Structure formats: structure tokens, C-alpha cells
């Protein structure tokens, strides 16, 4: 058991089986965010903050596109049932006390995005010796870096004045999302023999 | 890996050394983690102390609250840790952000302490520190944890320390980058958004206090430590020669020696703060020398103090 991807091959590349499963998880998570941001996008913007929805949608789509092309894919039979459990986790949770339905939907999306962007650090899986010019290695680094920037919109929204009356609910939902996502991520890594503390 | 609980959160701590010995509790700076005190643990245990270290909420192996971290929570977690130490003497030291938490603990629970050592510390945000803090936070947001480390390393460590590591900096930064999550660091920084100066409360700190400040500390320069020296009655300021903000990393053996000597002096009844200003030796075990009489320790050039 190790805490990192590998062992790397002689050119510093991550084993293809690990690439496949890690990329599948990330595509499932960021793909779900891309779909949900797409649904939240109005045809015409009426407020400045809606431009951020547009940015989030395209960045998430870019991450999916990047992984599709940067990953050295190999057949993985386990992905069938794993994908089902991942996709089920991205569905909205039951409303826990925010009476405004549209606000609740926004809180759901923001908490899910916060958990994905803050809680999943794919670059932290890379050994120091990983080849910086390998496309998969570069993709993981780009995703982690971009996630830090995308996260700022979720932080601003979740800490914002609209959520102040529901601060306890929002915090509870967010902690729960983080816990759930961390477990899925750690289970996925454990299936590859990678154990995160 | 032991944990203590604070509300719904878990705080990772380490406690080593004989249970009957006087204890030193060491509090991390903002981007630190408790393993960075390992050399201190070994040195202080060898000098007859018990040593407690921990990761603050949001750091290392402690829980990382997702949205908000209140500085009160750090003080309460520290209180829980010190409660575990029993009735013996407790010395508390912290660096930078951890020094601030130690100051707040001393203000609220000072009677439990035998001595206090704030290092590279501040009780208020000067305009420079406020603006530097804001810029560091923006750097973290725009460039990630790695960029924050890139800014802090040259600001807080000497050329002598950095030069042999220039081609190995990725490795030097890696552990801090791994254990510190961006959102958690940002939450720790955001806890300053409603920061209130501690300066008016410093006079309530009655315990012997040794204030340590690097000679070339750029981030928290002498004037910020002067606030502590003037405000804390039984204090002395000790200037660490040729040192920067992160002298605990760079001059671990010297700093651990100063911590042990301070505690020994307090326990033996020899400590007299007198708001004096001292210059630490270059090496562990050397003599402290008084800052030259008549000269202004707040200046970088030898300027004679004007008569009040």
C-alpha cells in the first residue's frame, strides 16, 4: 500500500490502470458539475454573478475534455458498478431547511462543487519523480490548480449574505458533502492500492 | 496518532516526555504542521521537559472545517490540550499565527501558565502587515498553496539557508503543500477579517514572557514585537541575530536552547523580565548580551536614543 500513484514506469508515467480509474472518477465528478451548471445557465444573463455560472460550466467541460484526451485508457470492468455509485452521489440531497427552492438548488450545486474543488486533490497523488511533460501528469496538476480558482465562487456564495440565515444548514450540508465525497475518493484510491491518511 | 475532540472536530496532537516533567506546548504558524517541531521535541525532552505539539484546526492531520474557522476555536482547542497536561508547570510558545493564539490563551487562561514565549509575533495588524496579509491571501487564491510558499520562503528565510536548497525547493515545499489544503489555509487567513487588536489586553498577561524576534524579520518587524515588550509587564525582548521570520526552522538548536534556558530560569526563580532588550548568542549555549545602552533597538542603524 502506498499513498501515491505508481510505481511509475521508466519515463515517469503513471500506470495505465491507475490513470483509467482516477480519470473516470474525475470525469464523473466534474462531468456532473458541468451538466448541473449547464442546467442552471439562463439563456440571457440578467445579473453580473451569472457570468460566473458560464465560467464554471466551461471550466468543468474543459476538465472533462482534458481528461478524455490526456488519459492512457485501458479496459476496466470494475468501472461499471463504480460509476453507478459515483453518479448516484452527485444527485441533490433532500432539502434540509431552506424554504426557497431555487436557493436550495443553488446551495446543493455550490456545496457539491465546493466538495469536488476543495476535497479532491489529484496532483497530491503524484510522486515527486512524475514526468512533468506527461499529459496525464500535467492534466492532474491543471485540474488541481483550476479547482482552487473555481472554488472561490463557491466560497463567496456559501459565505455570502443570502446564506446567513441558513448558516448552520449550509455548513452541515457542506460538511456532509465533503465527508461523502472523501469516502468515494478514498474508496476509489483504495481499489488501486493507494491509501490516503 | 492521538486526537482530542473540540465540538464535532478532531485535533491531532503529540505528547512526549516524562509525565511529571514541566511541559512545553508549541503552537504552529499558519502554513506549518506539527512534525516541524520534531527537533524541538527531541532537544527539549533531552533537557528534561515534556513536549506537546498539535495541528491547529485546518492544518495537517486535524479536521479542516469547510467554511469558517474562528480564532476562538484554536484557543479553546489549546485549552483542552493544556488541560490534559495535569497540574505541573506549563510553558507555552507559538510562532507567528501560533504566537498570536498563544497570546490570546495567555490573556484568557494565563494563570495556568508558568511562562510564555511568543516568537515572530504580533498583537495588532500594522498597515504593512495588513496589506502583506491581504496580498498573501490573494496570492493563495490566484496561485495556490505552492505560490504562497514561493512568496513566504524568500521572505522568511536567509540566503544562507536557501542557497544550498535552490535546486531542491520542490522537495522542501512538498510536505507543506501536501498537508495544507488551499481552502483550509484560506479559512485560517479569513479568520483575520474580523481581527481585533490584542494590544489593550497585553497588560493582563502576568506570566514571565520571553519575546523572540529575528533581527531581519521582514513580515513581523521589531516594532510589532515592541508592542508586546511594552505591553506585557514581566517581559523581555530577545533579538535573534541574522534571523528572519521563520527562525524556528532555520535556527532550531539555538531556539530550543533559549526555550529551555528561559523555562529553567523561571522555575529556578531567576527570571526577571524588566522589559529588557537582549541579543541572543549566535550558537546554542552562548551568552545573551544586553542591547547596547543608549541605542535604539527599533532602528537598523546605530541611532542613539533620544532622552524622553
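Chains as they are written, first to last, in our numbering: chain A, 118 to 314; chain B, 658 to 965. The beta carbon of each residue, even a glycine, is placed where N, CA and C say it ideally should be. Since this is a predicted model, take the numbers as computed values, not measurements.
Buried versus exposed, by CB contacts within 10 Å (16 or more), residue 120 of chain A: exposed
Between the CA atoms of residue 668 of chain B and residue 731 of chain B - distance to the nearest angstrom: 10 Å
Considering only the beta carbon of each residue, do residue 776 of chain B and residue 756 of chain B sit closer than 7 Å? yes
Have a look at residue 930 of chain B and residue 920 of chain B and give me their C-alpha separation to the nearest angstrom. 13 Å
Test item: CB-CB of residue 659 of chain B and residue 666 of chain B under 7 Å: no
In the DSSP output, what is residue 662 of chain B paired with across the bridge? B:667
If I follow the unbroken beta strand (DSSP E) through residue 725 of chain B, where does it start and stop? Run containing residue 725 of chain B: none; DSSP gives neither H nor E here.
Assigned exposure category for residue 190 of chain A - 16 Cβ within 10 Å defines buried: exposed
Residue 125 of chain A, DSSP secondary structure in three states: coil
Is residue 933 of chain B near residue 900 of chain B, with beta carbons less than 7 Å apart? no
Just curious, the alpha helix (DSSP H) that residue 186 of chain A is in, first and last residue? 167-187
Same chain, Cβ closer than 7 Å to residue 759 of chain B, five either side skipped, listed in chain order: 684, 749, 750, 751, 773, 775
Taking just the CA atoms, how far does residue 147 of chain A sit from residue 219 of chain A? 22 Å
Under a CB-based cut-off of 7 Å, is residue 668 of chain B close to chain A? no
Hey, is residue 723 of chain B's beta-carbon within less than 7 Å of any beta-carbon in chain A? yes
Contact list for residue 269 of chain A against chain B, beta-carbon separation under 8 Å: 798
Among the candidates B:947, B:859, B:743, B:710, whose CA atom is the shortest distance from the CA of residue 686 of chain B? B:710
Does the count of Cβ pairs from the stretch 696-712 of chain B and the stretch 837-853 of chain B closer than 8 Å reach three? no
Got a sec: is the Cβ-Cβ distance from residue 147 of chain A to anything in chain B below 7 Å? no
Taking all protein chains shown into account, decide if residue 867 of chain B is buried (16 or more other Cβ within 10 angstroms of its Cβ) or exposed. buried
If you drop the 5 nearest sequence neighbours on each side, which residues of the same chain put their C-beta closer than 7 Å to that of residue 962 of chain B? 951, 952, 953
Secondary structure of residue 867 of chain B, DSSP reduced to three states: strand
Between residue 233 of chain A and the rest of its own chain, which residues show a CB-CB distance below 8 Å, the 5 nearest in sequence each way excluded? 146, 147, 150, 264, 298
Might you give, ordered along the chain, the residues of its own chain that have their beta carbon closer than 7 Å to the beta carbon of residue 200 of chain A, omitting 5 neighbours on each side? 141, 145
Would you call the stretch 306-313 of chain A in contact with the stretch 120-136 of chain A, where contact means no fewer than 3 C-beta pairs closer than 8 Å? yes
Beta-carbon proximity of residue 295 of chain A to residue 723 of chain B, cut-off 7 Å: yes
When you compare each of A:160, A:239, A:213 to residue 286 of chain A by their alpha carbons, which one comes out closest? A:213
Residue ranges of each alpha helix (DSSP H) run of no fewer than 4 residues wholly in the stretch 207-265 of chain A, ordered along the chain? 218-236
Taking only beta-carbon atoms, is residue 303 of chain A less than 7 Å away from chain B? no
Test item: CB-CB of residue 728 of chain B and residue 861 of chain B under 7 Å: no
Going along chain B in order, which residues have a C-beta closer than 9 Å to the C-beta of residue 128 of chain A? Correct list: empty, because the minimum Cβ distance to chain B is about 19 Å.
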